[in-house]
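So that you can map any letter, position 106 of the sequence shown is 109 in the working numbering, and since no number is skipped, the others follow by simple counting.
A virtual CB, placed ideally from N, CA and C, is assigned to each residue, including glycine.
Heads up: the structure comes next, in structure tokens.
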Amino acid sequence: MLRDITIPPDIFENVAHCEEWLNAIGSCPVVKRLSFETCFPSITDALASFVAAHPSVTTIAWLFASIASAIPHLRILALIVEIEFELGYLDEFVTAGVVQDALATLTQLDCLFLEIRAIGDLRNVDFDAPSCHFAQKMFKASSIQFLQLKLCSDLQGSGPTQCWQRSSISNGYNASRLDILKVSTDEYNDAERRVLEEN
């Protein structure tokens, strides 16, 4: 039974083709996990005409919205993103309002795996620093229960990985108090496995 699908990298070269592909996936109700890899500079170039025709919509927002529209029952999303800027700007990228708005459209999403490949020194990244409180913001903006963030750089290759789990929330996504707990990668993987094994 097909529950886990990976989008081929060249799917984003044509907007119509991408939407058709996503709609085809959406017609299969057992699909629970979607993974894809993209480079923001190239995807922006590939979808330049679309973005120009829809100036209020950025590429990443369109991508998340298209996934949510085609596969509203999606439970797990794995996204590998290559970005051409310093890791010091990571928090601004991940917590940008447009990214949070796009995530909010995936209302049944339980698990989000996000791998960021960027430029810079991974030794300067501190998950506990105030500048890296993007996990709180992403949980607050979405329905996710588990988040795994992995960082890679052009200097050191694979770097730190951190996982979090939603602990408690009140008054919906806009609650002033949101508790999240750090968990192991094994616990995150177990969460994905449980979702995939559900009937």
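Could you check what DSSP says for residue i in three-state terms: helix, strand or coil?
{"i": "V33", "result": "coil"}
{"i": "S59", "result": "With a pLDDT of only 45 at S59, under the threshold of 50, the placement of this residue in the model should not be trusted, and no figure is reported."}
{"i": "T164", "result": "strand"}
{"i": "R169", "result": "strand"}
{"i": "E3", "result": "The first residue shown for the chain is 4 and the last is 202, placing residue 3 beyond what the model contains."}
{"i": "L77", "result": "coil"}
Which residues in the same chain have their Cβ closer than 6 Å to the Cβ of residue i, if we skip the five residues on either side of it in sequence?
{"i": "K153", "result": "E118, T164"}
{"i": "F116", "result": "A81, Q151"}
{"i": "E190", "result": "none"}
{"i": "R120", "result": "E85, C155"}
{"i": "E195", "result": "I79, C114"}
To which residues does DSSP link residue i through a beta bridge?
{"i": "D7", "result": "R36"}
{"i": "L66", "result": "In DSSP, L66 forms no bridge with anything."}
Can you tell me where the alpha helix (DSSP H) with residue i in it begins and where it stops?
{"i": "Q139", "result": "137 to 144"}
{"i": "L150", "result": "Counting along the chain, L150 falls outside any alpha helix (DSSP H), though it belongs to the beta strand (DSSP E) covering 149 to 156."}
{"i": "L112", "result": "No alpha helix (DSSP H) holds L112; DSSP gives it neither H nor E."}
On a Cα-Cα basis, can you pick out the residue from the options that is closest to residue i?
{"i": "V84", "options": "R78, L66, A73", "result": "L66"}
{"i": "T76", "options": "L25, R120, C166, V186", "result": "Note that residue 76 corresponds to His in the displayed sequence, not to Thr. Comparing Cα positions, the closest option is L25."}
{"i": "R142", "options": "P32, C114, E200", "result": "According to the sequence shown, residue 142 is Phe rather than Arg. The residue with the shortest Cα to Cα distance from F142 is C114."}
Counting only the same chain and skipping the five closest in sequence on each side, list residues whose C-beta sits under 8 Å from that of residue i.
{"i": "I8", "result": "I28, V34, R36, L37, S38"}
{"i": "E22", "result": "S69, A73"}
Which same chain residues, not among the five before or five after residue i, have their C-beta less than 7 Å away from its C-beta?
{"i": "T110", "result": "S146"}
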